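In the numbering used here, the protein residues as written are 100 to 518. Glycine is no exception: its CB is placed at the ideal position from the N, C-alpha and C atoms. The structure displayed is predicted, hence computed values, not measured ones. What follows is a set of notes on a single structure, which appears directly below.
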C-alpha cells in the first residue's frame with residue numbers, strides 16, 4: 100500500500116519530571132482536560148490532516164496507552180487504507196534492542212516506513228497540547244523544496260534554554276541550531292514536529308546510528324544542516340509542552356481561562372471513550388441543591404454536593420457535602436469526603452479522601468525530595484491512595500500511589516513531604 104505521507108508518532112517517553120503521574124503509565128497516556136489523554140491532541144491533529152497511516156512508537160509502561168489507542172477507530176484511523184500500528188521495541192536478547200532515543204526509535208522502524216514507500220515522513224511527539232493542520236506544514240515543506248522542515252514557535256527568551264533553538268534567514272532556511280543553549284541567540288524553539296523527505300531521512304538515520312547518535316534534536320538535525328535544505332516553519336497557535344507538573348497544571352487551568360488560546364471545544368479533539376474507567380456509559384453528572392460550581396470543567400458520571408471552583412474534574416468523581424475543591428485537577432473515580440478542603444492539587448485515579456481532610460494548605464516549602472518537580476505549591480496524590488479523616492497535608496507534597504495513610508499512622512504531613 101503506497102502512501103505519499105505517513106506519520107511516526109513518538110510516544111515512548113518516561114516523563115520523569117511528572118513524577119508519580121507517569122510512574123504507572125506512559126507520559127502521553129496521562130489524563131488531561133477531564134476526559135482526554137495527552138496523546139489525543141496529536142492523534143486528532145493527524146486524523147484531521149488526512150494522514151492515514153500512523154506508526155506509534157511505544158516503550159515505557161505502554162499498556163494503558165495501547166488500550167487507549169486500540170485500533171485507531173476513535174480517530175477514524177481504521178480500515179483497509181487507514182491504520183494505526185503500535186511499534187514497540189523489537190524484543191531481543193540485548194538491552195540494546197530497546198529504543199535509545201527519538202531518532203533511534205524511527206531508525207529501528209525503517210522497515211515499517213519502507214512498506215508504504217512515502218515521499219514524506221511526518222515525525223511528531225505524543226506529549227504536547229496543541230491544535231495544528233499538518234497539511235499547511237507539508238505544503239510549506241514542498242513549496243520551499245526543503246529536505247527537512249522543523250516546526251518552530253516563539254518562546255520567552257528566558258525559557259529558550261529548555262528547547263532546541265533555531266536561527267533562520269529571510270528565506271526561512273535554518274542557518275544555526277543549538278540544543279538547549281546556555282545563552283540563546285534566538286527564541287525560535289523546536290516543537291518536536293518534523294517533516295522529512297524519506298530518502299534523506301533513511302540515509303541520515305543510518306549514518307547517525309552507525310556513529311552512536313540516537314536523538315533528532317541532538318544528532319540528526321546537526322548532520323542534516325551541513326549539506327541539506329532544512330527550513331523552519333513558524334507556528335503561531337497555542338502549543339504547550341506539559342513535561343513538568345507545573346506546566347501540566349497550568350495547561351489544564353488554561354482550559355478554564357478565556358483568551359488562553361486553548362479551545363478544546365473548537366478543536367474537536369477525539370478520544371477513546373470506551374476504554375475501561377473512562378466515560379463509557381456513565382450517567383449524567385448529579386449536582387445537589389447544595390452544590391456550588393464556578394469556572395470549572397466537570398465530566399459525566401460525577402456526584403457533586405460540595406463547592407468546586409476553578410477546577411477540572413474527570414468522570415466518576417464524588418465530592419461530598421460541604422467539601423471545597425479549588426484550583427485542582429481530579430482524575431477518574433476519586434472520592435472527596437464531607438467537609439474536606441482540597442486546594443491546588445492533582446489527584447490521580449480512584450483516590451479516597453476521608454472527612455474533614457485539608458490538602459494544599461500551609462507553608463510554601465518546595466518538596467524536599469524532588470525540589471525541581473514541586474515548588475509552586477501543587478500537591479500530588481498518587482493513584483489509589485487512601486487519606487483517612489482529619490488528616491492535614493501541606494503544599495508541594497507527594498503521596499505515592501497506593502499509600503494508605505491510616506496504616507502508617509500519619510495525620511499531619513508538612514509542606515514539602517513525600518510519603
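Do residue j and residue i count as a contact pair if the criterion is CB distance below 8 Å?
i	j	result
residue 446	residue 117	no
residue 165	residue 336	no
residue 339	residue 227	yes
residue 242	residue 329	no
residue 297	residue 235	no
residue 199	residue 313	yes
residue 146	residue 176	yes
residue 349	residue 132	no
residue 501	residue 342	no
residue 140	residue 477	no
residue 154	residue 211	yes
residue 401	residue 334	no
residue 278	residue 326	no
residue 119	residue 479	yes
residue 261	residue 280	no
residue 448	residue 482	yes
residue 288	residue 252	yes
residue 151	residue 181	yes
residue 515	residue 496	yes
Could you tell me the distance, in whole angstroms, from the CA atom of residue i to the CA atom of residue j?
i	j	result
residue 122	residue 413	20 Å
residue 185	residue 216	19 Å
residue 416	residue 498	19 Å
residue 265	residue 202	19 Å
residue 112	residue 129	12 Å
residue 197	residue 319	19 Å
residue 268	residue 238	19 Å
residue 363	residue 354	7 Å
residue 315	residue 156	14 Å
residue 321	residue 466	37 Å
residue 390	residue 420	8 Å
residue 418	residue 386	10 Å
residue 382	residue 209	45 Å
residue 283	residue 293	21 Å
residue 158	residue 388	47 Å
residue 188	residue 308	16 Å
residue 407	residue 461	20 Å
residue 106	residue 248	14 Å
residue 144	residue 221	12 Å
residue 303	residue 310	11 Å
residue 506	residue 491	16 Å
residue 427	residue 392	13 Å
residue 429	residue 474	20 Å
residue 366	residue 273	30 Å
residue 398	residue 504	28 Å
Would residue i be called buried (16 or more neighbouring beta carbons within 10 Å of its own) or exposed?
i	result
residue 275	exposed
residue 100	exposed
residue 405	buried
residue 257	exposed
residue 161	buried
residue 356	exposed
residue 255	exposed
residue 103	exposed
residue 470	exposed
residue 443	buried
residue 395	buried
residue 494	buried
residue 178	exposed
residue 358	exposed
residue 291	buried
Taking residue i and residue j to be in contact with their CB atoms under 8 Å, please state how far apart those CB atoms are, rounded to whole angstroms.
i	j	result
residue 331	residue 263	No, residue 331 and residue 263 are not in contact; Cβ-Cβ is about 11 Å, not under 8 Å.
residue 424	residue 441	5 Å
residue 370	residue 135	5 Å
residue 463	residue 438	That belief does not hold up - the Cβ atoms of residue 463 and residue 438 are roughly 24 Å apart, past 8 Å.
residue 124	residue 148	Between residue 148 and residue 124 the Cβ distance is about 26 Å, and since that is not below 8 Å, they are no contact.
residue 299	residue 225	Contact flag wrong, Cβ pair sits at about 24 Å.
residue 489	residue 513	The pair is not a contact, with the Cβ atoms about 16 Å apart (cut-off 8 Å).
residue 458	residue 436	So it is not a contact: roughly 11 Å between Cβ atoms.
Confirm the yes/no value for this check: CB of residue i, any heavy atom of the ligand NAD, distance under 7 Å.
i	result
residue 428	In terms of ligand content, the structure shown is empty, and the ligand NAD therefore cannot be addressed.
Which runs of the alpha helix (DSSP H) fall wholly inside the segment 207-246 and span at least 4 residues, in chain order?
Counting only runs of 4 or more, we get 209-213 and 233-242.
What are the uninterrupted segments assigned as beta strand (DSSP E) that are 3 or more residues long and contained completely in the segment 363-421, given in chain order?
Complete beta strand (DSSP E) runs here, min 3: 391-393 and 406-408.
Identify every run of the alpha helix (DSSP H) within the segment 315-358, keeping only runs that are complete inside it and at least 4 residues long; order them along the chain.
Within the segment 315-358, the complete alpha helix (DSSP H) runs of at least 4 residues are 320-326 and 344-353.
Completely contained beta strand (DSSP E) runs for the segment 131-165, where each covers 3 or more residues:
If you keep only unbroken beta strand (DSSP E) runs of at least 3 residues inside the segment 131-165, you get 152-156.
Mind pulling the alpha helix (DSSP H) runs of 4 or more residues that sit fully within the segment 458-509?
Runs of the alpha helix (DSSP H) lying entirely within the segment 458-509, each at least 4 residues long, are 504-507 in chain order.
Residue ranges of each beta strand (DSSP E) run of no fewer than 3 residues wholly in the segment 244-322, ordered along the chain?
Complete beta strand (DSSP E) runs here, min 3: 247-253, 263-267, 273-278 and 287-296.
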